[in-house]
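Encoded as structure tokens, the structure appears first; notes follow it.
2 protein chains.
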Amino acid sequence: MMVTIDLYDKSAEYFKALSHPTRIKIIELLSRNEMCVCEMMAVLNLDQSHISRHLMVLRANGIVKDSREGTKIYYTLTNKDIVKIVEEVKNIVGN
Amino acid sequence: MMVTIDLYDKSAEYFKALSHPTRIKIIELLSRNEMCVCEMMAVLNLDQSHISRHLMVLRANGIVKDSREGTKIYYTLTNKDIVKIVEEVKNIVGN
DNA sequence: TAATTATATTCGATTTTTCGAATAAAGTCA
DNA sequence: TGACTTTATTCGAAAAATCGAATATAATTA
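Have a look at this one:
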């Protein structure tokens, strides 16, 4: 039995993936540079498991992708369009 | 004690308000016309309490506003910018 | 191979979201 | 006022998200 997920469900899932401050911060960081988890930890001052968990959500939603280099894993945005969306929302809610 | 909510928290909240298919559908309907709850019920084929509850979320996040006309309450978008954002996300997730 | 580094995943508890069903409230009309 | 229409709100249960802490995995290096 094949389950078809419609565009509204998918969009809602996508918005849900964006609905956490840490995940928004990660997207913003990655809009400038690829970055490994240890760098994000340093910049955001959050612990490893917290960041890793949120990266998992972003990955599951196709928002970031990773590539291993030795023991480090570097993350990048799969689609830069998301940066504009985050900026627009920041503008709407800001001030 | 005053609590300051930062831009990332606010943005996350906003995205959360968009993270339900019914709420996205409501936004899309309101992008075309103002509409009362009973009309939304008919168009979306959902019951009154379901729609009303989601309107409450949208209202709490300043996404829609309402105006009473007799027994009916008409809803409109407070800011049309949101329509573009929803469209962009639909494009990203759609195929 | 053993220790180390970097990251992912799991576990259990807590909090938040969602829902159907029921009830309340507010305006209208006879 | 009482019945009716339209919408909001509450309640309790179920589902989902979040978190800190602990553990697992994978690559590297001594």
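From first to last, the protein sequence lines stand for chains B and H. Heads up, the final residue of the first sequence is numbered 97 in this note's numbering, and it's a clean run with no missing numbers. Heads up, the final residue of the second sequence is numbered 97 in this note's numbering, and it's a clean run with no missing numbers. Just so it is clear, CB atoms sit at the ideal spot from N, CA and C, and this is done for glycine as well.
Take residue i and list the residues in its own chain whose beta-carbon comes closer than 6 Å to its own, dropping the five residues that flank it on each side.
i        : result
Asn35(H) : none
Which residues in the same chain have their Cβ closer than 8 Å to the Cβ of residue i, if we skip the five residues on either side of it in sequence?
i        : result
Ala62(B) : Ala19
Val85(B) : Ile29, Glu30, Ser33, Leu79
Ile53(H) : Thr24, Ile28, Val39, Met42, Met43, Leu46
When the Cα atoms are used, what is the spatial distance from residue i to residue j?
i        : j        : result
Asn1(B)  : Glu41(H) : Because chain B in this structure spans residues 3 to 97, residue 1(B) falls outside the shown range and cannot be described.
Asp68(H) : Leu32(H) : 11 Å
Ser21(B) : His22(H) : 12 Å
Met58(B) : Tyr77(B) : 11 Å
Phe17(B) : Lys12(H) : 14 Å
Met43(B) : Ile75(B) : 13 Å
Leu79(H) : Gly72(B) : 50 Å
Arg55(B) : Met37(H) : 40 Å
Val45(B) : Ala14(H) : 19 Å
Arg70(H) : Ile7(H)  : 32 Å
Ile87(B) : Ile87(H) : 6 Å
Tell me which same chain residues have a C-beta within less than 7 Å of the C-beta of residue i, skipping the five on either side of it?
i        : result
Leu60(H) : Ala19, Arg25, Ile28, Val66
Gly64(B) : Thr80
Gln50(H) : Val39, Met43
So residue i and residue j are supposed to be a Cβ contact under 8 Å. How far apart are they, rounded?
i        : j        : result
Glu90(B) : Asp83(H) : 7 Å
Val95(H) : Leu9(B)  : 7 Å
Within 9 Å of chain H by C-beta, residues of the segment 16 to 37 of chain B in sequence order
Sequence-ordered contacts of the segment 16 to 37 of chain B with chain H read Tyr16, Phe17, Lys18, Ala19, Leu20, Ser21, His22, Pro23, Thr24, Arg25, Ile26, Lys27, Glu30 [C-beta pairs closer than 9 Å].
Length at least 4, wholly inside the segment 14 to 74 of chain H: the alpha helix (DSSP H) runs in chain order
Taking only runs of at least 4 residues, the alpha helix (DSSP H) segments lying wholly in the segment 14 to 74 of chain H are 23 to 34, 39 to 46, 50 to 62.
Quick one: which residues of the segment 43 to 59 of chain H get their C-beta closer than 7 Å to a C-beta of chain B? List them in chain order.
From the segment 43 to 59 of chain H, no residue has a Cβ closer than 7 Å to chain B.
For the segment 78 to 96 of chain B, which residues have a beta carbon sitting closer than 9 Å to at least one beta carbon of chain H?
For the segment 78 to 96 of chain B, which is checked against every Cβ of chain H, the residues closer than 9 Å are Asn81, Asp83, Ile84, Lys86, Ile87, Val88, Glu90, Val91, Lys92, Asn93, Ile94, Val95, Gly96.
Taking a cut of 8 Å between CB atoms, which residues from the segment 58 to 76 of chain H lie near chain B?
Listed by position along the chain: nothing, the set is empty.
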